[in-house]
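As structure tokens, the structure follows; a few thoughts come after it.
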Amino acid sequence: MAIPFGATWGTLIERCEQLPEEATLITPLASRRFRITDVKNQRIIIEDVDSADSQPLQREQFEALAEHTREAIDGFELDRLPSKAEPYAAVLALHPRYVLDERESTLTELDEADESAVLDGAPHLSMSAGADDEQDSEREEPEIDVYSDMLLLIDALEREDMSALESVETPVLVNLYTLLSDVQRNANDLRQDVSDMLLERVGHDRPVHGQYGSVQRTTRRNRSLKDNEEVLDAFAETGIDREQLVSVDRSKVEEALDVVSVPESIVYDVSESEYVRKAEVDEERKETRLQGLKDRLAVSDDPEADVLRQEVERLEQEIEELTEFSPASTFGEQAESG
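Per the working numbering, residue 7 is the first one in the sequence shown, and the count goes up by one each step.
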């Protein structure tokens with residue numbers, strides 16, 4: 007038997023009132039940030055973090071969304087929502103009976119409320135005090151190598167037609183290859199640092215989800231042979247021929263080749279493949295180019311520079327947040343027509 011929406015609404019109101027004043031919610035598709043500023047008997051008032059526009063979310067619209075979600079077999083598909091109705095999904099997911107899956111872009115009603123769910127565990131909710139405001143008012147460039155290399159790479163990619171590499175001049179290809187190599191190396195270093203930190207936070211019991219994926223702690227079994235004599239002694243009484251366990255030691259073969267005139271081709275299968283490798287990097291030129299790019303964007307009043315500056319900011323936001331979540335009086339009708 008379906009639970010009356012009055013009970014659902016009462017619980018949702020309580021959850022909203024439990025949120026700290028600085029808590030920020032994120033719409034599931036457009037990644038718009040907003041805060042709940044007031045809770046009324048028949049509506050919830052929210053404010054857009056970026057524009058400061060206020061918007062009431064009506065109880066009847068929540069009820070319509072809850073009904074659509076209940077009727078959906080595999081969860082209500084969020085792309086059916088009108089653009090201004092996304093906050094409804096983010097707020098309704100505060101209720102312990104509703105789960106917002108950002109990877110699948112669905113809102114699902116559970117058979118039983120998950121009373122163990124905690125608000126600060128929701129991926130579409132930030133409980134950090136003032137973190138978003140600080141980032142908006144003064145964003146600081148992270149002091150990591152991959153950030154600078156990525157900015158240079160983005161600038162280089164925007165200047166060339168990457169769909170026609172055959173028409174790109176050789177010096178440009180060299181620049182691209184160098185930057186790609188540096189980004190890969192530094193990204194791998196940062197990835198390892200992030201992995202080490204996650205190992206301290208992620209348990210074996212369940213995956214941990216973010217907006218763009220999930221991670222789970224796993225165990226890899228590695229093996230390395232013990233001392234040769236220990237291995238041979240272990241098999242001595244089994245009937246296995248000792249010679250079957252003795253293999254050619256590559257290091258000893260190399261030593262032997264240094265002192266005798268045995269052709270390499272007799273003991274090795276030799277094949278050749280050609281590849282390009284990075285020989286050197288002009289770090290000074292990279293730093294000069296990067297600083298020039300930043301300075302030009304910072305002081306130029308040219309409309310094109312403003313567009314590029316906005317694009318860089320957008321890319322930075324996507325890279326940093328790769329994380330973020332408006333109502334219409336016709337929400338119920340539009341959702342039904344979807």
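Beta carbons are placed, not taken as given, at the ideal position from N, Cα and C, and that holds for glycine.
Query raised in the report: By DSSP, does Ser257 sit in helix, in strand, or in coil?
Result: Three-state DSSP puts Ser257 in a helix.
Query raised in the report: Just the Cα atoms here: how many angstroms apart are Asn234 and Val252?
Result: Rounded to whole angstroms, Asn234 to Val252 spans 9 Å at the Cα level.
**Report entry** Minimum C-alpha distance to Ile9 - residue among Ser277, Ala72 and Asp288
**Finding:** For Ile9, the nearest C-alpha among the options comes from Ala72.
Query raised in the report: With a CB to CB cut of under 7 Å and the five nearest residues on each side skipped, what residues in its chain are close to Arg49?
Result: For Arg49, where only same-chain residues beyond five positions count, the Cβ hits under 7 Å are Pro62, Leu63, Gln64 and Arg65.
Requested in this report: Report yes if the C-beta distance between Asp151 and Leu185 is below 9 Å; otherwise report no.
Outcome: Not in contact: Asp151 and Leu185 (Cβ atoms no closer than 9 Å).
Report task. For Ile272, count neighbouring C-beta atoms within 10 Å of its own C-beta (all shown protein chains included) and say buried if the count is 16 or more, exposed if not. Result -> Label assigned to Ile272: exposed.
Query - Supposed close pair Pro102, Phe40 - CB separation, criterion 8 Å - result: Contact annotation, Pro102 with Phe40: C-beta distance approximately 21 Å; criterion of less than 8 Å not satisfied.
Query raised in the report: Of all the options Val55, Arg38, Lys46 and Thr30, which has the alpha carbon lying nearest to the alpha carbon of Glu20?
Result: Closest in C-alpha terms to Glu20, from the list Val55, Arg38, Lys46 and Thr30, comes Lys46.
Query raised in the report: If we count the other Cβ atoms within 10 Å of its Cβ and call it buried at 16 or more, is Ile160 buried or exposed?
Result: By the 10 Å Cβ count, Ile160 comes out buried.
Requested in this report: In the DSSP assignment, find the beta strand (DSSP E) that holds Leu31 and state where it starts and stops.
Outcome: Residue range Thr30 to Ile32 is occupied by the beta strand (DSSP E) that includes Leu31.
Query raised in the report: Does the separation of the CB atoms of Leu87 and Leu106 fall below 9 Å?
Result: At a Cβ-Cβ threshold of 9 Å, Leu87 and Leu106 do not count as neighbours.
**Report entry** Coarse secondary structure for Pro26, derived from DSSP in three states
**Finding:** DSSP places Pro26 in the coil class of the three-state scheme, outside both helix and strand.
Report task. Spatial neighbours of Val55 within its chain, please: CB distance less than 7 Å, with the 5 preceding and 5 following residues excluded, ordered by chain position. Result -> Cβ neighbours of Val55 beyond the five flanking positions: Thr30, Arg39, Phe40, Arg41 and Asp138.
**Report entry** Segments assigned alpha helix (DSSP H), at least 4 residues, entirely inside the region 44–103
**Finding:** Entirely contained in the region 44–103, the alpha helix (DSSP H) runs reaching 4 residues are, in chain order, 65–77 and 92–98.
**Report entry** DSSP state of Glu149 mapped onto helix, strand, coil
**Finding:** Reduced to three states, the DSSP call for Glu149 is coil.
Query raised in the report: Comparing alpha-carbon positions, which option in Glu69, Arg291, Thr33 and Asp44 lies nearest Glu27?
Result: Comparing Cα positions, the closest option is Asp44.
Requested in this report: Out of Leu116, Pro148, Asp199 and Pro34, state which residue places its alpha-carbon closest to the alpha-carbon of Ser89.
Outcome: When each option's Cα is compared against that of Ser89, the closest is Pro34.
**Report entry** Exposed unless 16 or more other CB atoms sit within 10 angstroms - verdict on Ala13
**Finding:** Ala13 comes out exposed.
Query raised in the report: Which term fits Ala95, buried or exposed, when burial requires 16 or more other beta carbons within 10 angstroms of its beta carbon?
Result: Buried: at least 16 other Cβ atoms inside 10 Å.
Query raised in the report: Run through DSSP, which three-state label would Val237 get?
Result: In this structure, Val237 counts as helix in the three-state DSSP scheme.
Report task. Assign Thr224 to one of three DSSP states: helix, strand, or coil. Result -> The DSSP-derived three-state label of Thr224 is coil.
Query raised in the report: Who are the Cβ neighbours of Val174 in its own chain at under 6 Å, not counting the five residues just before and after it?
Result: Closer than 6 Å at Cβ, skipping near neighbours: Glu166.
Query raised in the report: So, helix, strand or coil for Val273, using DSSP?
Result: The three-state reading of DSSP puts Val273 in helix, counting H, G and I together.
Query raised in the report: Taking C-beta to C-beta, are His130 and Glu108 nearer than 9 Å?
Result: Yes, Cβ-Cβ distance for His130 and Glu108 is below 9 Å.
Query raised in the report: How close, in whole Å, do the beta carbons of Leu100 and Leu163 come, if the pair is a contact with beta carbons under 8 Å?
Result: The C-beta distance from Leu100 to Leu163 rounds to 40 Å, too long to fall under 8 Å, and the pair is not in contact.
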